[in-house]
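Residues 480 to 677 (the working numbering) are what the sequence shown spells out, left to right.
Yeah, the Cβ is synthetic: ideal placement off N, Cα and C, and Gly gets one too.
A quick note: this is a predicted structure, and the numbers were derived from the prediction, not measured.
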Amino acid sequence: MSVRGTDSYTDTDRLPEPVARAVALARRAGFEKSCRPEQGRLLQALAAGATGAVGETGTGCGVGLAWLLAGRRPGTRIVSVEREARLVGPVRELFADVPDLEIVHGDWTLLHGHGPFDLLVLDGGGNGKQTAPADPELLLTPGGTLVVDDLTPLTAWPPTHADRPDTARTHWYAHPSLLTTEVRLAPDLATLLATRRP
Ligand SMILES: C[S@@+](CC[C@H](N)C(=O)[O-])C[C@H]1O[C@@H](n2cnc3c(N)ncnc32)[C@H](O)[C@@H]1O
480 MSVRGTDSYT
490 DTDRLPEPVA
500 RAVALARRAG
510 FEKSCRPEQG
520 RLLQALAAGA
530 TGAVGETGTG
540 CGVGLAWLLA
550 GRRPGTRIVS
560 VEREARLVGP
570 VRELFADVPD
580 LEIVHGDWTL
590 LHGHGPFDLL
600 VLDGGGNGKQ
610 TAPADPELLL
620 TPGGTLVVDD
630 LTPLTAWPPT
640 HADRPDTART
650 HWYAHPSLLT
660 TEVRLAPDLA
670 TLLATRRP
């Protein structure tokens, strides 16, 4: 996500069709926190490599989900969880004709009933920022990939956030089940990627 994520889609003609539809929904709903296109392209590429189910916390208006749909292989199941009912209904309607997709209404922890996942995108709950971090041993297949969006690029170690130790980030680096790194997607945007050890 990004505070001005929805506004960063300036050229919607060149987007994959589901992404253009979701951006239009986000604009109509006044939802600003969609993932940026740089992150979306990463999600699309990762989804194309997922050999099992894909999970997402925090559907929002479905922009990140649409990038996942644009990249996934046919038959790959995607489950996305969103706690805001006012968002769940319109996104379900938007993707009503899309197979192998479930949008769950409720807290992100409901994802436990649908995993484990080969690709897990933690964009609204479970990422360790405002809520307790998800347990990759429960939610990820061995060799599966976990994604945490919307970090400022790492410039020093140990990392800090608001002048405090950035435990939301270091948690993932220190996790014994994970091999973790970050990718800088723009000068002001990085994404954390972690693979569950086989
Ligand atoms: C950053 S936005 C998601 C953006 C979306 N993934 C995208 O890429 O466009 C975060 C979303 O997570 C939802 N959320 C926050 N905490 C949650 C929780 N504990 N369980 C489920 N959804 C949550 C918010 O309502 C919000 O819609």
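Taking just the CA atoms, how far does Val662 sit from Leu672? 7 Å
Exposure label - Gly568; buried when at least 16 CB within 10 Å: exposed
The beta strand (DSSP E) spanning Pro621 covers which residue range? Leu619 to Leu630
Is Gly550 near ligand 1, going by C-beta to nearest heavy atom under 7 Å? no
Could you give the DSSP three-state label for Glu563: helix, strand or coil? coil
To the nearest angstrom, report how far apart Ser487 and Arg515 are at their CA atoms. 6 Å
Could you tell me if the beta carbon of Asp586 falls within a distance shorter than 7 Å of some heavy atom in ligand 1? yes
Hey, which unbroken runs of the alpha helix (DSSP H) at 4 residues or more fall wholly within the region 526 to 573? 542 to 550 and 564 to 573
Answer yes or no: do Val502 and Thr491 have a C-beta to C-beta separation smaller than 8 Å? yes
Is there at least one non-hydrogen atom of ligand 1 closer than 7 Å to the beta-carbon of Gly604? yes
Check whether the region 521 to 536 and the region 545 to 559 touch, using three or more Cβ-Cβ pairs below 8 Å as the test. yes
I need the DSSP call for Asp614, collapsed to helix, strand or coil. coil
Helix, strand or coil, according to DSSP, for Val600 in the structure here? strand
Assign Thr660 to buried or exposed, taking buried as 16 or more other Cβ atoms, counted over all protein chains shown, within 10 Å of its Cβ. exposed
Could you check where the beta strand (DSSP E) with Glu661 kicks off and where it finishes? Leu657 to Ala665
Got a sec? Which residues, its chain only, sit under 8 Å from Arg520 by beta carbon, not counting five neighbours each side? Trp546
Please check the pair Gly531 and Thr620, which I expect to be a contact at CB under 8 Å, by giving their CB distance rounded to whole angstroms. 6 Å
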